[in-house]
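In this note's numbering, the protein residues as written are 46 to 369.
And the structure:
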């Protein structure tokens with residue numbers, strides 16, 4: 046009876062999540078910045094408007110974003126902190142704030158600097174932020190680094206540096222990139238192919254997971270630091286990711302990662318299309334845009350959406366059974 050009750054509750058929860066997944070999320074792409082424009086010194090709007098994604102963010106007593114772990118405990122997740130900071134920066138720019146107005150810091154900029162201050166203070170001697178939680182899906186124990194966190198933090202730090210002129214923010218961004226591009230086997234966040242091109246790993250698992258959204262967020266941070274320094278460090282990552290895009294295409298939907306063949310949730314599929322569109326604009330590369338257009342077309346087919354939802358549901362159910 047107990048097992049049956051647990052199973053019914055699990056299925057009910059999965060059904061509810063499936064219904065929520067069918068609601069199209071909002072991931073607006075920045076269209077105010079000309080394609081290929083990587084301004085030096087003064088980063089503009091982030092490639093995605095993250096305000097809808099971070100609307101439900103919870104702040105602690107120090108006004109830093111906190112995330113609730115599956116255990117119920119809260120912790121400061123560098124990805125969530127950075128997403129919120131970038132959303133608040135976009136909020137300030139949307140109402141006409143300019144980095145030139147150094148003495149005028151609206152609430153959005155104050156929020157950016159609060160999150161950036163925590164990131165700077167919490168960066169360890171390796172240049173990163175260790176996660177205190179495990180990732181059972183990938184067999185990863187607490188204490189791991191995420192390329193997604195590193196790249197997002199770079200974007201936050203560069204905006205904090207542009208606002209305050211404090212060199213320590215720029216130093217922190219450079220340290221974050223060094224760890225991001227360090228090979229996995231050396232304690233870093235990147236998997237290298239035979240051509241020496243890195244794939245930034247959101248979660249450093251063995252075997253590698255190749256999570257798409259985390260890698261593209263990492264790429265954005267690299268693009269922005271390259272723009273600031275006049276470098277090309279992002280190009281090898283961009284080439285590696287672009288060539289891997291067909292592997293994420295199931296022919297009717299996208300995969301969340303390359304370790305599992307299950308379709309991504311509707312929300313993550315929509316995020317994939319938005320990220321590719323944003324990357325295509327940031328890199329001025331129509332090949333990203335072309336793939337993004339194909340993936341966007343998948344969402345317009347009710348048959349494909351239902352097929353993807355069913356496939357995702359079967360995958361989640363197998364995970365629940367394996368962990369029970």
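C-beta: ideal position from N, C-alpha, C; glycine also.
No experiment lies behind these values; they were computed from the predicted model shown.
Check each candidate in the options and name the one with the smallest Cα separation from residue i.
i: residue 284; options: 244, 166, 311 and 209; result: 244
i: residue 74; options: 316, 255, 367 and 336; result: 316
i: residue 179; options: 191, 239 and 260; result: 191
i: residue 163; options: 198, 113, 77 and 138; result: 198
i: residue 221; options: 212, 90 and 233; result: 233
i: residue 186; options: 193, 194 and 177; result: 177
i: residue 224; options: 139, 120 and 170; result: 170
i: residue 361; options: 195, 155, 181 and 87; result: 181
i: residue 304; options: 129, 297, 319 and 249; result: 249
i: residue 336; options: 149, 296 and 269; result: 296
i: residue 330; options: 80, 92, 193 and 115; result: 80
i: residue 241; options: 346, 269, 140 and 282; result: 282
i: residue 290; options: 208, 348, 213 and 334; result: 334
i: residue 274; options: 87, 118, 149 and 167; result: 87
i: residue 252; options: 261, 235, 266 and 268; result: 235
i: residue 302; options: 72, 327 and 255; result: 255
i: residue 72; options: 364, 341, 119 and 367; result: 341
i: residue 215; options: 193, 271 and 231; result: 271
i: residue 201; options: 126, 237, 238 and 280; result: 126
i: residue 267; options: 313, 348, 193 and 133; result: 193
i: residue 101; options: 129, 327 and 134; result: 129
i: residue 278; options: 246, 247, 294 and 226; result: 226
i: residue 165; options: 114, 149 and 219; result: 219
i: residue 211; options: 366, 158, 327 and 246; result: 158
i: residue 293; options: 318, 269, 280 and 276; result: 318
i: residue 326; options: 92, 154 and 70; result: 92
i: residue 348; options: 367, 298 and 338; result: 298
When DSSP builds the beta bridges, which residues end up paired with residue i?
i: residue 244; result: 236
i: residue 189; result: 176
Return no unless some Cβ of chain C is closer than 7 Å to the Cβ of residue i.
i: residue 211; result: As a matter of chain content, chain C is missing from the structure shown, which is built from one protein chain.
Identify the continuous alpha helix (DSSP H) that holds residue i and give its terminal residues.
i: residue 216; result: 212 to 226
i: residue 256; result: From DSSP, residue 256 is part of no alpha helix (DSSP H); its letter is neither H nor E.
i: residue 165; result: 152 to 167
Tell me, to the nearest whole angstrom, how far the beta carbon of residue i is from that of residue j; I am working on the premise that it is less than 8 Å.
i: residue 175; j: residue 188; result: 5 Å
i: residue 309; j: residue 264; result: Rounded, the Cβ-Cβ distance is 18 Å, inconsistent with contact.
i: residue 110; j: residue 121; result: 7 Å
i: residue 90; j: residue 99; result: At roughly 15 Å, the Cβ-Cβ gap does not stay under 8 Å, so residue 90 and residue 99 are not in contact.
i: residue 320; j: residue 258; result: 6 Å
i: residue 168; j: residue 217; result: 5 Å
i: residue 95; j: residue 131; result: 5 Å
i: residue 311; j: residue 355; result: Not really, about 12 Å apart at Cβ, beyond 8 Å.
i: residue 207; j: residue 144; result: 5 Å
i: residue 344; j: residue 314; result: 7 Å
i: residue 286; j: residue 260; result: 6 Å
Taking 6 Å as the cut-off, is the C-beta of residue i nearer than that to any heavy atom in the ligand ATP?
i: residue 187; result: The ligand ATP is not part of the structure shown, which contains no ligands of any sort.
Quick one: which unbroken alpha helix (DSSP H) runs of 4-plus residues sit fully inside the region 73 to 146? Chain order, please. 123 to 139
Give, in chain order, every unbroken run of the alpha helix (DSSP H) that is at least 4 residues long and sits entirely within the region 266 to 332. 278 to 289 and 311 to 328
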